[in-house]
Ligand SMILES: [Zn+2]
């Protein structure tokens, strides 16, 4: 990892075409393998790993992300040029911003801490790890907003 004078961790990231780049300061607070079907379709991958930062730790260094929302309160961001999935924001967990592990320049530095939406995994998905298997979302969210699965706006 890059080292600055204060020794804080800095990670960099970019989309496939390079139009969008970002820099993340400090440690992510949560890293989770996610098997849910919304993310599967949005990202085009059987599962992904989300790397969670506070919004204040995230800084775009190049380009502008496009955003899309199908679910009330949930905003997904991506590169409008190459389509790389980048981020996930949820009003129900206001101080959290998730980035796809594939967006990072050094994805090997991130170790998942749990499996979320384990019950929605594809039937051939097997992991030899001993991480917790959580059957729904792995974060506490504002109960007023409910679960993303119950609040599709389309
Ligand atoms: Zn791009």
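Residue numbers (the UniProt record's numbering): 1 to 154. Just so it is clear, CB atoms sit at the ideal spot from N, CA and C, and this is done for glycine as well. As the structure is a prediction and not an experimental result, all values here were calculated from the model.
Considering only their Cβ atoms, is the gap separating residue j from residue i smaller than 8 Å?
i, j, result
"residue 121", "residue 47", "yes"
"residue 74", "residue 90", "yes"
"residue 108", "residue 30", "no"
"residue 55", "residue 110", "no"
"residue 142", "residue 92", "yes"
"residue 22", "residue 78", "no"
Is DSSP giving residue i helix, strand or coil here?
i, result
"residue 50", "strand"
"residue 130", "coil"
"residue 153", "With a pLDDT of 47 at residue 153, under the threshold of 50, the modelled position of this residue cannot be trusted; read the value that follows with caution. Coil, per DSSP."
"residue 112", "coil"
"residue 104", "strand"
"residue 122", "coil"
Going by DSSP, what residues sit across from residue i in a beta bridge?
i, result
"residue 66", "78"
"residue 59", "23"
"residue 40", "For residue 40, which the question treats as bridged, DSSP gives no partner whatsoever."
"residue 72", "Residue 72 pairs with nothing; no bridge assigned."
"residue 85", "78"
"residue 90", "74"
Rounded to whole angstroms, how far is the Cβ of residue i from the Cβ of residue j, which I believe are closer than 8 Å?
i, j, result
"residue 8", "residue 26", "6 Å"
"residue 98", "residue 116", "About 11 Å; that fails the 8 Å criterion."
"residue 17", "residue 82", "4 Å"
"residue 20", "residue 87", "No, residue 20 and residue 87 are not in contact; Cβ-Cβ is about 10 Å, not under 8 Å."
"residue 129", "residue 118", "Not a contact, Cβ separation roughly 12 Å."
"residue 100", "residue 50", "7 Å"
"residue 67", "residue 76", "7 Å"
When you measure from the CB of residue i to every non-hydrogen atom of ligand 3, does any distance come out below 7 Å?
i, result
"residue 84", "Here the bound small molecules are ligand 1; ligand 3 is not part of this structure."
task = Considering only heavy atoms of ligand 1, list every residue whose Cβ is less than 6 Å from one of them, following chain order.
result = Output, sorted by chain position: 15, 16, 17, 19, 20, 79, 81, 82 and 84.
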